[in-house]
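Note that the protein sequences, when read in sequence, are chains F and P. Heads up: the first sequence begins at 18 in the numbering used here, then just goes up one per residue. Heads up: the second sequence begins at 18 in the numbering used here, then just goes up one per residue. Worksheet for the structure shown next.
Number of protein chains: 2
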Amino acid sequence: MRIAGEATRSVWVETDGWSIGIFDQRRLPWRVERLVLRTCPAAAEAIATMATRGAPLIGVVGAYGLAFALHADSSDAGLVAAHALLAATRPTAVNLRWALDRVAAHVRPLPPARRAGAAHAEAGRIADEDEAMNRAIGAAGLPLITEIAARRGGASVRILIHCNPGWLATVDWGTATAPIYRAHDAGIAVHVWVDETRPRNQGALTAFELAEHGVPHAVVVDNAGGHLMQRGEVDLVLVGTDRVTANGDVCNKIGTYLKALAAHDNNVPFYVALPSPTIDFTVADGIAEIPIEQRSADEVANMTGRTADGRIETVRVIPEGSTVANYGFDVTPARLVTGLITERGVLAASRKALAGAFPERAGAAE
Amino acid sequence: MRIAGEATRSVWVETDGWSIGIFDQRRLPWRVERLVLRTCPAAAEAIATMATRGAPLIGVVGAYGLAFALHADSSDAGLVAAHALLAATRPTAVNLRWALDRVAAHVRPLPPARRAGAAHAEAGRIADEDEAMNRAIGAAGLPLITEIAARRGGASVRILIHCNPGWLATVDWGTATAPIYRAHDAGIAVHVWVDETRPRNQGALTAFELAEHGVPHAVVVDNAGGHLMQRGEVDLVLVGTDRVTANGDVCNKIGTYLKALAAHDNNVPFYVALPSPTIDFTVADGIAEIPIEQRSADEVANMTGRTADGRIETVRVIPEGSTVANYGFDVTPARLVTGLITERGVLAASRKALAGAFPERAGAAE
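In structure tokens form, the structure reads like this:
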């Protein structure tokens, strides 16, 4: 997609053919700054500090991180240690572990001397596949929007989006944003309600993306979605996910479950967009089985933004004497999900539909 | 209640016997600053800018504002003009209009020369009655907490609270906080989950209040409540309200409806605390009939807090190129409300229960 009119992916190989470049997403949307990564600890730190973020994207960065580690130590022990280091950076994200497992399985049979190069190539394939999957998600989701547009007779299709399941969180296109970009590019009028997405305000990234691409949108606080749906101002909810269980339960950014409840209460379709690596066929009941990251209190207590005179400042917004609890994700039960938009089409949020569409993955998990 | 160990109300008459004092709530919880009001425009500005806030409290400040206006112009025309000016400051808040109507009705039959003093005295009675109502709400709500405490065998009763239905929003005690303060003072262990309450972060005020009173609590983002309920971490939801309809629909701070949906989905009791002036017997269907304030985009786009070196700074947290929509309230339908805690006891959220408990108000509205 585009930043300042220039087409780019969210991760790329630098001109040296080995290092990778990413946007420092802690500086967005205020400043567009690029980071170059060339070691495993640097990749791990970029993931842990959320300089890079988004389930599919951290899978790719993690995969390159493994290649960097093997460049320094190509032994079996080095592979195991680097895998563990990278996997621990974001325990909830299944894509990260999936990508690390894939690269590790690919290089383990190889002679140590060939492992780093093979890992690097495999990371590149994961990136290309992610872009292709998101293109396909866009194509699969587009008819949901065109059908509503037809019903609305030319009035904008109003889509509510939570967090940043956008191209900045993937390699390109985004997941939940892919159908929106496709629809916009096809000349369909859309208006996107962008949830602020506390505590890390990833909605600001979604708003930044949409603004750079020229898609009409308005940012709202996370509290507003129920009201908007109640008043008939939302035609469709689109979210991404960090992990979908074999049953179709959806683990996503904290607050997603509340939007799903509101969509259900107001008969608004609630769709989840995901590339299939996000499906975890080893887990069935999302609420019982998925551990939820508790993150630093600072994410809630502090907010960073730009002052009127252009400085980036961090301010504390919670009284000093108060404790803070910070849960990263919640689980939306499958019963509240209208459908899952995957690279193989729109599926019901059910074991049968998921296993039917991805038999090779479901079978392997048994 | 207490600030820095000192017992105080949230509005008081100054030593001159006429001006009133309030806390500048735009500075809380960072700085405790008092404002003195002695004119109607100053009172109106304090309400409109949310230097003073909370449905019951702005009713009292508005009532004093009418007294100040009558001191300057005690004519019928002056009364009408001041009533209109003050009522327009916060159109959603029914208590404000109720208090203004009450003072106006009280002074209209009087000779102009006696109107200002009579209005001032009536405002004082409204303040005293508010404190008494909140004490009674605390007494009515206390058994809800003691029953849960008994079931939990001494473990803390975990209460989720949205916005600041606390003593800073009323004259004293608060509405939804009144049962909590009563329970805490009675030695019952409570733990309060405090919703941040974007966009104005009134949760910081609730956290400040609770910290000053020594009540254990943790601030969470508005997105977290569903997850907490899903994991069995909430025993009771307590909220306040700006307006309750004759049917029991609850208009309250944006996001309340989402918490009510989550409580319903997880069998968590959802109670609304209110003094009876908050009931609007002239309105039945809250969703269809209550206009929702759209407030300034700046409330969403900007956040104010304290920097590490102690300065109060405002930072913009939304990209410059993005539009913002800011809805102040939503409506929780009566079907999602377990009960209404009033100064006359806990009632079902139904026309029958409300009219039965407040026949003089229900009858007058017909």
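Note that CB positions come from ideal geometry on N, CA and C, so glycine has one too.
| Check | Outcome |
| --- | --- |
| Roughly how many whole angstroms lie between the Cα atoms of residue 74 of chain P and residue 210 of chain P? | 24 angstroms |
| Thinking C-alpha only, which one of F:366, F:31, F:132 is nearest residue 260 of chain F? | F:366 |
| For the beta strand (DSSP E) holding residue 178 of chain F, just list the boundary residues, first then last. | 174-178 |
| Closest to residue 310 of chain F by CA distance: which of F:146, F:136, F:344, F:375 is it? | F:344 |
| Which residues in the same chain have their Cβ closer than 6 angstroms to the Cβ of residue 351 of chain P, if we skip the five residues on either side of it in sequence? | 264, 265, 266, 366 |
| By Cβ distance, which residues of its chain are closer than 8 angstroms to residue 78 of chain F, with the 5 residues on each side in sequence left out? | 28, 37, 39, 54, 60, 63, 64, 69 |
| Out of P:52, P:109, P:177, P:127, point me to the one whose CA is closest to residue 87 of chain P's CA. | P:127 |
| For a contact defined as C-beta to C-beta under 7 angstroms, what are the partners of residue 46 of chain P on chain F? | 336 |
| Closer than 7 angstroms by beta-carbon distance: list the chain F residues that pair up with residue 339 of chain P, in chain order. | 224, 228, 234, 236 |
| Considering only the beta carbon of each residue, do residue 156 of chain F and residue 117 of chain F sit closer than 8 angstroms? | no |
| Have a look at P:225, P:287, P:354, P:253 and flag the residue whose alpha-carbon is nearest the alpha-carbon of residue 166 of chain P. | P:253 |
| Output yes or no for whether 8 angstroms exceeds the beta carbon distance between residue 334 of chain P and residue 218 of chain F. | yes |
| I'd like to know whether the C-beta of residue 239 of chain P is nearer than 8 angstroms to at least one C-beta of chain F. | yes |
| Counting pairs of beta carbons, one from the segment 275-285 of chain F and one from the segment 292-310 of chain P, are three or more of them closer than 8 angstroms? | no |
| If you follow the alpha helix (DSSP H) that residue 64 of chain F is in, where does it begin and where does it stop? | 57-65 |
| Since residue 262 of chain P and residue 290 of chain P should fall inside the 8 angstroms C-beta cutoff, what is the C-beta to C-beta distance between them, to a whole number of angstroms? | Contact flag wrong, Cβ pair sits at about 16 angstroms. |
| Shorter than 8 angstroms from the beta carbon of residue 219 of chain P to some beta carbon of chain F? | no |
| Please list the terminal residues of the continuous alpha helix (DSSP H) segment that includes residue 256 of chain F. | Not the alpha helix (DSSP H): residue 256 of chain F falls in the beta strand (DSSP E), residues 253-256. |
| Flag this pair as yes or no: are the beta carbons of residue 360 of chain P and residue 154 of chain P separated by less than 8 angstroms? | yes |
| How would you list, in chain order, the residues of chain F whose beta-carbon sits under 9 angstroms from the beta-carbon of residue 304 of chain P? | 247, 248 |
| Are there 16 or more other CB atoms within 10 angstroms of the CB of residue 329 of chain P, so buried, or fewer, so exposed? | exposed |
| Could you name the residues of the same chain whose beta carbon sits closer than 7 angstroms to that of residue 110 of chain P, not counting the 5 residues immediately before and after it, in chain order? | 72, 75, 259 |
| Kindly list, in the order they appear in chain P, the residues whose Cβ is closer than 8 angstroms to that of residue 271 of chain F. | 238, 240, 241, 244 |
| For residue 184 of chain P, which residues from the same chain have a beta carbon less than 7 angstroms from its beta carbon, with the 5 sequence-adjacent residues on both sides left out? | 18, 27, 190, 191, 194, 226 |
| In angstroms with no decimal places, state the Cα-to-Cα distance between residue 205 of chain F and residue 160 of chain F. | 11 angstroms |
| So which of P:150, P:151, P:119 has the shortest CA-CA distance to residue 137 of chain P? | P:119 |
| Could you name the residues that DSSP lists as bridge partners for residue 26 of chain P? | Bridge partners of residue 26 of chain P: none, in fact. |
| Can you name the residues of chain P whose CB is closer than 9 angstroms to the CB of residue 278 of chain F? | 243, 275, 278, 279, 281, 282 |
| On a CA-only basis, which of F:318, F:141, F:327, F:35 is nearest residue 340 of chain F? Give me that one, please. | F:318 |
| Output needed in chain order: residues of the segment 317-331 of chain P with a Cβ under 9 angstroms from some Cβ in chain F. | 317, 318, 319, 320, 321, 322, 323, 324, 325, 328, 329, 330, 331 |
| Would you decide whether residue 97 of chain P is buried or exposed? Buried here means 16 or more other CB atoms lie within 10 Å of its CB. | exposed |
| Using a Cβ-Cβ cutoff of less than 8 angstroms, which residues in the same chain neighbour residue 49 of chain F once the five nearest sequence positions on both sides are dropped? | 20, 21, 40 |
| Going along the chain, which residues of the segment 114-139 of chain F sit with their C-beta nearer than 9 angstroms to a C-beta in chain P? | none |
| Can you say whether residue 242 of chain F is buried or exposed, counting buried as having 16 or more other CB atoms within 10 angstroms of its CB? | buried |
| Whole angstroms are fine: how far does the CA of residue 142 of chain P sit from the CA of residue 99 of chain P? | 20 angstroms |
| Roughly how far, in whole angstroms, is the beta-carbon of residue 196 of chain P from the beta-carbon of residue 158 of chain P, given that I think they are within contact range, below 8 angstroms? | 3 angstroms |
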